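Novice:
So, in structure tokens, the structure goes:
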């Protein structure tokens, strides 16, 4: 009888502990998945922000060169207008890139929190 009880207790312990291990693995996978998604969205936002910043700088430099030529030819009002226009376009594109980057950062944070909540729900 004693020979039968010990293996039964060990087998029961293994059966009841296996789902707990599976739940903790699933919770960890969900946590890692949320982190990966958050990092991917963060990198995407940074790339978009950088691309728009570069585009605004290129346009501003091009209009600054035109403004310098206009000023050299005696068209001061045209030069001032072109300079303001370049600054305005550069500022608008910089703000747009910042908005997109911030939106993707918030989205990544939301997804990461959701995955963390699901993982905690599995482990509880």
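Numbering (mature numbering (1 follows the signal peptide of the UniProt record, and there is no 0)), first residue to last: -22 to -1, 1 to 102.
Even glycine gets a Cβ: it sits at the ideal position worked out from N, Cα and C.
Everything numeric in this text was worked out from a predicted model, so none of it was measured.
Within its chain, find whatever has a CB closer than 8 angstroms to the CB of residue 20; leave out the 5 residues flanking it on each side and keep chain order.
Specialist: Hits under 8 angstroms: 82, 83 and 86.
Novice: Short of 7 angstroms in beta carbon distance, which residues of its chain neighbour residue 60, apart from the five on each side in sequence? Order them along the chain.
Specialist: 41, 44, 45 and 48, listed in sequence order.
Novice: Would you call the CB atoms of residue 33 and residue 71 closer than 9 angstroms?
Specialist: Yes. Within cutoff.
Novice: Let me know the secondary structure DSSP gives residue 17 once reduced to three states.
Specialist: Helix.
Novice: According to the Cβ coordinates, are residue 30 and residue 74 closer than 9 angstroms?
Specialist: Cβ atoms of residue 30 and residue 74: closer than 9 angstroms.
Novice: Output the distance between the C-alpha atoms of residue 4 and residue 96, rounded to the nearest integer angstrom.
Specialist: Cα-Cα distance, rounded: 9 angstroms.
Novice: Using only CA atoms, which one of 99, 80, 91 and 93 lies nearest to residue 27?
Specialist: Of the candidates 99, 80, 91 and 93, the one whose C-alpha sits nearest the C-alpha of residue 27 is 80.
Novice: Quick check: the Cα distance between residue 12 and residue 94, rounded to an integer number of angstroms?
Specialist: Distance between the alpha carbons of residue 12 and residue 94 is about 7 angstroms.
Novice: Quick one: measure Cβ to Cβ for residue 38 and residue 65, integer angstroms, because I've assumed they're closer than 8 angstroms.
Specialist: Contact flag correct, Cβ pair sits at about 6 angstroms.
Novice: Taking the CB atoms as reference points, tell me whether residue 6 and residue 89 lie closer together than 9 angstroms.
Specialist: No, the Cβ-Cβ distance between residue 6 and residue 89 is not below 9 angstroms.
Novice: Would a C-beta distance cut-off of 9 angstroms place residue 68 and residue 24 closer than the cut-off?
Specialist: Contact: no.
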